[in-house]
Amino acid sequence: MTAPRPGLDLSLLPDGGVGWLDASGPHADIVISTRIRLARNVSGYAFTGRAREGERLRLLAQVRDALTHVPSLQESLLVRLEELPSVDRTLLLERHLVSKELAGLDTQHPVRSGAAAILGASVGLLVNEEDHLRLQALRSGFAVPAAWSAVQSLDQELGAQLPYAFHREFGFLTACPTNAGTGLRASVLIHLPGLVLTKEIGKVLAGLQQMGLTYRGLYGEGSEVVGNFFQLSNQTTLGRSEEELQDLLVRVVRHVIEREEEARRVLVRDAGYIIEDKLWRAFGTLRYARSLSFEEAMNYLSGVRLAVGLKLISGLRVYTLNKLLIFAQGAHLSHLEGRALTDTEAQVARARYVRQVLVSEGSGVE
11 MTAPRPGLDL SLLPDGGVGW LDASGPHADI VISTRIRLAR NVSGYAFTGR
61 AREGERLRLL AQVRDALTHV PSLQESLLVR LEELPSVDRT LLLERHLVSK
111 ELAGLDTQHP VRSGAAAILG ASVGLLVNEE DHLRLQALRS GFAVPAAWSA
161 VQSLDQELGA QLPYAFHREF GFLTACPTNA GTGLRASVLI HLPGLVLTKE
211 IGKVLAGLQQ MGLTYRGLYG EGSEVVGNFF QLSNQTTLGR SEEELQDLLV
261 RVVRHVIERE EEARRVLVRD AGYIIEDKLW RAFGTLRYAR SLSFEEAMNY
311 LSGVRLAVGL KLISGLRVYT LNKLLIFAQG AHLSHLEGRA LTDTEAQVAR
361 ARYVRQVLVS EGSGVE
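Note that the numbering used here has the sequence shown beginning at 11, numbered continuously upward.
This is the structure in C-alpha cells:
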C-alpha cells in the first residue's frame, strides 16, 4: 500500500480513480456507472457520529493494520481527508470516490479526524464516514454482477480481519436503521433525457418509489438532478438478501432503460427535426461558448449525449462525454489551472476546457 502524503497527487490514484468513465460496460450510452456499497461497523467502537477523536484514530489504525491481509487493496492509496485542502476533497467527491459527508464539505459538519479513503484499482474503502466502513465498487455501464463480485470479495477479506458489528436478528448494525440488515446499497447513474422531454419522467419516478427504489441527483443523497442524470438505488436493506436487492435493481433499471429507449423513438418519430435542431444547438454552444456555468454545461452535455445515442452526431465517443461530465466541474478546473478560481473564472475555464476536448477528441464529428 502506498503511504499517505500531504496534498493529493492524482498520479498515485489507480486508474486516476476514473476507470469507470471508460463507457465499456453494458448499456453505457444510457447507464454511466453502477455502484455497489456495503455499510459495516466494527465491534467495540461507538458509531462514527458519537465516537471521540481517539476512537476514530484507533479505528483507522486498526483498519490500516488489517490491510496487509486484504488482497483486494494491496495496490491501494490511503488518503487522509483532514490533511487535504477543501479543493482536493471536492475533487475526490467530483470523481465519486468519496461522499460529501466524508469530505467534510458542509460548513456545519467539517471533515472529521480519522476520515480516510483507501482507493484501489477495483474497489474502495471509506473509513469513519456515517458508518465506520463503507466498502464500494464502481463499474462502467449497467454492471451489477461485476460490481457485486468485487465488493463481496473485499467484504470477505476485510471481515476475516475485523470484527463486524452483527446481530442474529437485525443483521449488520449500522448508524442509520435504513441501512441495517445487509448494509447494501446498489445504485446506477443513469441518463434519462428521453423521458424528461416526453414528460414521462414523473410517472417513471413514481413507479420506482412504489417498487422500493429511490432517486437522487448526480452526487446521491441531498443533491439535485442536473443534466437529466439520476441516481437510482434501493431505499432500505433490512428484510431482503443481497441477491434480492440486486435482482430488484436490475429488474427495475432494465424496465427504465426500455422506457427511455421507447421515449427516444417517440421523439424521433413525432418531433424529429425539432429535436435534431435542439441537440445540434447544444453541441454548437459547447463547441463555441466562451463562458459556461456548471448547470449549463450539464444540460448541453445531456443534449449532445442524447444526439450521440440517436446517431445524429457521429465521431464523438461516449467516453469523451463521460470525461467532460467529471472534468468540467469546479475542483477539477481549479486543479487544471493550478489555483483557486472565482465563479466567473471557473465559467471561462470550463468553456475553454470543453472546447479543447471537443476539438481534440471530437474532431471527426459530423
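For each residue, glycine too, the CB sits at the ideal point set by N, CA and C. Note that this is a predicted model, so its numbers are computed, not measured.
Paired residues, beta bridge with residue i - DSSP
i	result
Thr224	Ser243
His177	Gly181
Thr44	Arg149, Val198
Arg50	Leu143
Limits of the beta strand (DSSP E) - the one that residue i falls within
i	result
Leu88	87-90
Val276	First-last for Val276: 252-298, but that is the alpha helix (DSSP H), not the beta strand (DSSP E).
Leu129	126-129
Short Cβ contact (7 Å threshold) for residue i with residue j
i	j	result
Val276	Thr208	yes
Arg50	Leu143	yes
Gly319	Ala153	no
Glu167	Ser82	yes
Ala76	Leu145	no
Ala38	Ser150	yes
Lys110	Leu102	no
Leu259	Val364	no
His201	Phe239	yes
Val198	Thr44	yes
Gln357	Ser303	yes
Ala456	Ala317	As displayed, the chain neither begins before 11 nor continues past 376, which places residue 456 out of reach and without an answer.
Asn138	Thr58	yes
Glu305	Val236	yes
Leu129	Ser86	yes
Ser123	Glu92	yes
Ile46	Ala196	yes
Thr192	Glu268	no
Ala127	Val89	yes
Glu254	Gly204	no
Glu272	Leu322	no
Gly217	Gln245	no
Val314	Ala292	yes
Val97	Ser344	yes
Gly27	Arg105	yes
Ala56	Asn332	no
Arg226	Gln241	yes
Coarse secondary structure for residue i, derived from DSSP in three states
i	result
Ile323	coil
Asp116	strand
Val369	helix
Gly134	strand
Gly191	strand
Gly348	coil
Gln162	helix
Asp353	helix
Asn332	helix
Gly27	helix
Ser312	helix
Val364	helix
Leu302	coil
Val236	coil
Pro155	helix
Gly35	coil
Arg122	coil
Arg62	coil
Gly249	coil
Exposure of residue i, with buried meaning 16 or more beta-carbon neighbours within 10 Å
i	result
Arg15	With a pLDDT of 41 at Arg15, under the threshold of 50, the modelled position of that residue is not reliable, and the figure given next carries that caveat. The residue in question, Arg15, is exposed, as its Cβ has fewer than 16 Cβ neighbours within 10 Å.
His79	exposed
Gly134	buried
Ala359	buried
Ile284	exposed
Ala113	buried
His119	exposed
Gln339	buried
Thr247	buried
Phe180	exposed
Thr100	buried
Asp165	buried
Thr117	exposed
Asp141	buried
First through last residue of the alpha helix (DSSP H) which encompasses residue i
i	result
Thr78	Looking at the DSSP string, Thr78 is not in any alpha helix (DSSP H), and its letter there is neither H nor E.
Ala338	It is not in any alpha helix (DSSP H) - Ala338 carries neither H nor E in the DSSP assignment.
Glu210	Taken as a continuous stretch (DSSP letters only), Glu210 belongs to no alpha helix (DSSP H), as it is neither H nor E.
Leu22	No alpha helix (DSSP H) holds Leu22; DSSP gives it neither H nor E.
Asp98	96-104
The ligand SAM heavy atom lying under 6 Å from the CB of residue i
i	result
Asp32	The ligand SAM is absent from the structure shown, which contains no ligand whatsoever.
Cβ of residue i within 7 Å of any chain C Cβ
i	result
Val236	Included in the structure is just one protein chain, with no chain C present.
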